[in-house]
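Residue numbering for the sequence shown follows numbering that gives the first Met the number 0, starting at 0 and increasing by one per position. Heads up, the beta-carbon is just placed ideally off N, CA and C, and yes, glycines get one too.
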Amino acid sequence: MTTTSPYDHTAPRAHDAHPVHGASLAHSAPVLAAPMTPAPLRTAGSHLGPGEDFPEDLTGLGMAELQVLHSRITRQLDHDWLTDPDGPHCCTMDRRQELLAELDARDTA
0 MTTTSPYDHT APRAHDAHPV HGASLAHSAP VLAAPMTPAP LRTAGSHLGP
50 GEDFPEDLTG LGMAELQVLH SRITRQLDHD WLTDPDGPHC CTMDRRQELL
100 AELDARDTA
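Listed below in structure tokens is the structure:
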């Protein structure tokens with residue numbers, strides 16, 4: 000048994016129409032306000048390649064800066080292991096050792 004309704008639910012209704020575009024308000028996404036804060040400055044990438052600058056003295060860095068540097072070196076090592084059949088660049092390996100030594104020194108201090 001099929002029942003029919005005198006009201007067609009698929010047809011747009013006059014009170015649902017958007018005043019400017021004629022689109023249905025029921026199916027339109029809410030408009031979000033633009034953020035009031037400026038976009039952050041673009042920072043360095045997530046890797047730190049052998050040709051990029053590396054601090055000579057790690058003791059002058061804050062803990063957060065040291066951790067970011069460690070993260071970038073680790074990402075570079077991951078990238079090198081996955082893309083280079085010879086493995087990571089020796090410079091990247093040396094940098095990792097320096098970072099680990101500095102982190103260990105701060106952990107025991």
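Per the coordinates, the alpha-carbon of Asp103 lies some 12 Å from the alpha-carbon of Met62. In the structure shown, Glu51 adopts coil according to DSSP, grouped into three states. Spanning the alpha carbons of Thr107 and Ala100 requires a straight line of approximately 11 Å.
Taking Asp79 as the centre and dropping the five residues before and after it, the same chain places the C-beta of Gly86, Pro87, His88, Thr91 closer than 7 Å to its C-beta, in chain order. For Glu97 against Leu65, the beta-carbon gap comes to about 10 Å, at or over 8 Å, which does not count as contact.
Annotation: the continuous alpha helix (DSSP H) that includes Asp79 extends over 62 to 82. Between the alpha carbons of Ser45 and Arg71 lies a distance of about 5 Å.
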